[in-house]
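Just below is one structure, and these are the notes that go with it.
Protein chains in written order, with full-length UniProt numbering: chain C, 1 to 277; chain S, 1 to 221; chain P, 1 to 375; chain G, 1 to 310; chain U, 1 to 283.
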């Protein structure tokens, strides 16, 4: 956290504000910042989206490729997340520092998309056991103003929603070889079902309260944040991870009492998120 | 053990050819051919090296071995280790604390006994570079053929039919064994015989060293 | 890479004598150093020396899968290595700007100029092609690496022969060199690079050595480059330009390039002839079954060279069978003397486990302190 | 993939023979059925809610495993075998600015032969990296990092055999090793995991149970690993994969909390044994030193008397 | 007191021990440490062994895979041995790719196995030119306290001896492969190679002392690059002598080393056999 320097009084101000359900930018604890979402911004990608959440700026591009499925999951496609933080986004990304953060984001995303409840990889299958689609989700962090996990997951979902997969006819030749025929019409494609694709909500514990969508300043005041992944249908939620990180003092962790609000909040927030979209 | 001197036989080493200062930019360099096997070695140092690899009591020896196709491999590391440990025993490293000595080896032709040739060539390059040494060393290779006979300094053709090869490196002062490495299976007796024969044959290598140094002294003197 | 220091005196001196029409080693401005090409015992292996600059080049081939966009073409891979052997300032196993620069120039000269017939390197379309790997190793760096490396590359490609193969249905049989004569690579034309050092923007030095190169690309005390630079020209025997590269200062007039081109064209043609002759001569020798080996570069006439052919030693000849018997006797004797009881017990305790323990509880704690040394 | 020049490599296209066996082609349902019998007992004879750590014989833990390390521990959960060693704090390499808190460098590595399904690669893969991050997160709140500013402690985990709950085992081992290395800590850290398949909860799951839980299509499925600082009643790490509803998560959390509590006495026992052992060793050494000094003194006296006699 | 002495005057400290003919852990010069061997403890591997030589601990696991043999050698299988020195085994190593030393050890071990000819690669071939076993042997050092090669070889051989190859059916027509894990056969092992490590210490210039089965500290004192002399035997024949660094050997030293190695080999063979027999009776 070299980039952001806050004096202790500034921190106290933020903590006290949160205690009173009043944050420095005028939001309450469960409010999101204004966000701007734009899809189909990169013409070369199969699907893309750009999200601006206050200062956080994220670009997601999706590339499709044909691959052979894993032998133990013959009827499923593949999805891979690659996160790249440009050094412009934050000084943290300079050198090797970005690698850890990037891999932790891509890990969390991979985990969130792992469940078949969250994202059905069967829709990426072309010929069982032979050919499938592989989606490369390239996440580019252009600028960061806190709350990456939420922003990344939101942008990814939008980009997947927007992804066009060309229709392919597969002919099984003798000898087990597969011949693929791509339709001549470039408008012949299908969309993916992303209704249940997970979204991540970060809950930052500041003082005794939990806060959604923390800004970079607020992040530096908290020692622990909880990331909750929520799938589209409200009742199941997926990928939940206590991330104890950041600066100084004795680390307070998500105790059982803290997890209560943690698991409640997603429900109440769900509407707000969808409004945001 | 066996003392009858009746069958004394001539043993030959492959012809040796050597040139000093083959490379102009290195502090010391030598190219040596033993038969068809050719090796090129350059020595640089003592020179400045990075802090982390400096040692306060002696110089750090770095050996780089590159074979012909240029691809690194585990075998190369092993060869580097052999050369490094042999040189470390010979160089008076404590005279150059906090410095590094670089030995770079290039394989040119390998027709048997390459490591022996390289070790001899390294010794010559070290002599050429003027690094202080405790003693010089000479490497001799041996092979055991399928009848169990010991062949000194085998040729490429002889190696094809041999069951084991051994290479010995001797100290110039009391002819004690500095380094030894073997390949293949062999009996204890074969080992003893090969060791003693090589020990005697190392005289020839030392004589060669003396000759070339004499010539070299004439030139620079 | 460690920095090499260039003193001001050296810089000024070289600048001055060049402006007066001299070179440090007494050459004319358009005179090259002595070129020498020697081949190794294997095909495609040669050492080229240009004055003191020495480069080892080797071409090897292996069967690989072709690239998808070019399914019927072979693959060429060029690699340049600069290790501490070339000069002490280089570090082992590290890519420097210089190696990247050299690789790029050689790629431009030999890959992009399409001088090698890549289609002839195809074995089975879309499945198997020959992949040639050209390995350039700088043995001694005394300036003008580009020119030397390019001669070495061309000589080794021209000298290289790949094994022949026959197709038997789906299978491809690759023959060893003894089974079938290997095939040389087809070259459409022979491009060679030449380097000129540019001094004060009007003097061209052919084949600059290390010092001349460093002086012309270095800055003066005021931090301004004195209109010096390195001009690399790649041309083939038909006087066609394949490559032009300038590092250092900008050129004021284009005349100097024209001048360089004219001189380069002659030089390249000369080089190509030398290479062709050398390869032809080597081929002749090989056909006469004469052994060619790198040991030939060790010239016996050299003042620091020594050659000994008759390394004889008289050793006892062991009769192996006799010896064996004797030894066996010896061993049987020994066995009688000391059937030394093993100091260790083998204990099989838990299933799947065995233990070897020393019999007596020997591990007494013995400590030596500094006082005991004086006892 | 570029070839690894620092090791011997096998052919590139080799595959495990297991994919040609009959068992490999079992469907999900068959595999699920194999997990437990009619009585609700698991394959290894445990009840669903029975952790391997429950029976004393199975959870095997000891310290001082690695003689070259400052502190080390070995934890065995029936078949899962984990070694951990902790080294002296050292300066953080390539670090310019001052860090108020010491760093923990955690690395989890699987042995190439540790997994039943495939051979592990030598270079750290995604799973190993993720485990390393999770381990660091779990340990950071437990260690008094303010005692060694600008230094880092290496916590290295090697998994010899992986049969489920390896993160939990790794955290337990790391906690023991840190204590063994005398690194100041706030509390004893324990960890446990649960696999959820439908309405069944498998405490301390085996590898096959984990595998099915991950790929299940039930509404509730997944794995939760939690680590707890027992005295402080704090959760230091909570990792979940899969999909489950809120009630399920809270239920699992309570179960896990209880399980973690159960492990604590085991860990304490191991640590006490360790301390007692060290204490005895020290006493033994002291006694020997004393004995030697006495002998020395006697000798000195002898000499002195000899000298005086002369 | 002793610890401080060891730290300040390491060489003198060591010399003091040597001059009273003892080693730091109380052993004689020619005495080796206790060996503990356990086989088949790791179930995820196809064969495994754990060896403890004093503190040095090595775990060897074998994984079997199938592959197409090389075109140049269509009737040979693959035997890939690798020694891992993970950072946790000693403070000398850092996480990351294998160090130079690890590579040297790796090469020595693989050479000994190759030279001893204890495994015929032809036995690993199933169908020439079509299918062969790839035997991946990974030796992981958990605790590095000297004489690593000895421990690695014991672990490797013990796991070879317990290795059972599943039977494979290869249909030449359809190229279909079927593996039957219930029917397994032993892999043929020719002999039982054993390596013996020595550290060669030059005590007061002239006196050469051979330390059998050296610890890490002893290796450090004798040049710091592992054991100096490694002698390996298989079926009464020598299958590798490596002498690197340390003091120089005279003829007498050499003879002594060979004699000691012979003794050690017999002892180790006994352990391995006892371990394997124990396994037989318990099953």
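Idealized CB from N, CA, C, for every residue including glycine.
Run through DSSP, which three-state label would residue i get?
i	result
residue 192 of chain U	coil
residue 221 of chain G	strand
residue 19 of chain U	helix
residue 134 of chain G	helix
residue 214 of chain G	helix
residue 84 of chain C	strand
residue 196 of chain G	strand
residue 218 of chain U	helix
residue 234 of chain G	strand
residue 127 of chain G	helix
residue 8 of chain P	helix
residue 196 of chain C	coil
residue 263 of chain U	helix
For chain U, find out if any of its Cβ atoms is closer than 8 Å to the Cβ of residue i; answer yes or no.
i	result
residue 188 of chain S	yes
residue 182 of chain S	yes
residue 94 of chain G	no
residue 111 of chain S	no
residue 185 of chain S	yes
residue 102 of chain S	no
Are any of the Cβ atoms in chain S nearer than 8 Å to that of residue i?
i	result
residue 60 of chain P	yes
residue 235 of chain P	no
residue 295 of chain P	yes
For chain G, is any of its Cβ atoms less than 8 Å away from the one on residue i?
i	result
residue 262 of chain U	no
residue 71 of chain C	yes
Going by C-alpha distance, which of the options is nearest residue i?
i	options	result
residue 27 of chain S	S:110, S:42, S:33 and S:14	S:42
residue 6 of chain P	P:166, P:215, P:38 and P:162	P:215
residue 21 of chain S	P:64, P:139, P:242 and P:31	P:139
residue 231 of chain G	G:142, G:172, G:208 and G:78	G:142
residue 88 of chain C	C:56, C:71 and C:82	C:56
residue 70 of chain P	P:25, P:121 and P:270	P:121
residue 147 of chain P	P:229, P:55, P:279 and P:73	P:55
Which whole-angstrom value describes the C-beta separation of residue i and residue j, a residue pair presumed to lie in contact below a C-beta threshold of 8 Å?
i	j	result
residue 82 of chain S	residue 181 of chain S	6 Å
residue 164 of chain P	residue 142 of chain P	Their Cβ separation, rounded to whole angstroms, is 40 Å, which puts residue 164 of chain P and residue 142 of chain P out of contact at 8 Å.
residue 89 of chain U	residue 137 of chain G	Residue 89 of chain U to residue 137 of chain G, Cβ: 26 Å. No contact.
residue 172 of chain G	residue 267 of chain G	7 Å
residue 39 of chain U	residue 162 of chain U	5 Å
Is residue i close to chain P, meaning its C-beta is less than 8 Å from at least one C-beta of that chain?
i	result
residue 198 of chain S	no
residue 67 of chain S	no
residue 88 of chain S	no
residue 106 of chain S	yes
Using a Cβ cut-off of 8 Å (strictly closer), state whether residue i contacts chain C.
i	result
residue 230 of chain G	no
TODO: Ignoring anything shorter than 4 residues or poking outside the UniProt domain "Exoribonuclease phosphorolytic" (13-131) of chain S, list the alpha helix (DSSP H) runs there in chain order.
DONE: DSSP runs (the alpha helix (DSSP H)) wholly in the UniProt domain "Exoribonuclease phosphorolytic" (13-131) of chain S: 74-90 and 114-129.
Open item on the list: To test your reading of the DSSP string, which unbroken beta strand (DSSP E) runs of 3 or more residues are found completely within the segment 220-308 of chain P?
Closed with: Taking 3 residues as the minimum length, the beta strand (DSSP E) runs contained wholly in the segment 220-308 of chain P are 229-235, 241-248 and 305-308, in order along the chain.
- [ ] Enumerate, from N- to C-terminal direction, the unbroken beta strand (DSSP E) stretches of 3 or more residues contained entirely within the UniProt domain "Exoribonuclease phosphorolytic" (32-166) of chain C.
- [x] Secondary structure remark: continuous beta strand (DSSP E) runs of at least 3 residues inside the UniProt domain "Exoribonuclease phosphorolytic" (32-166) of chain C, in chain order: 35-39, 47-53, 56-67, 78-85, 125-127, 131-143 and 164-166.
TODO: Please specify which runs of the beta strand (DSSP E), each continuous and at least 3 residues long, are wholly inside the UniProt domain "Exoribonuclease phosphorolytic" (31-162) of chain U, giving them in chain order.
DONE: For secondary structure counted as the beta strand (DSSP E) over 3 or more consecutive residues, the UniProt domain "Exoribonuclease phosphorolytic" (31-162) of chain U holds these complete runs in sequence order: 35-39, 47-53, 56-67, 78-84, 125-127 and 131-143.
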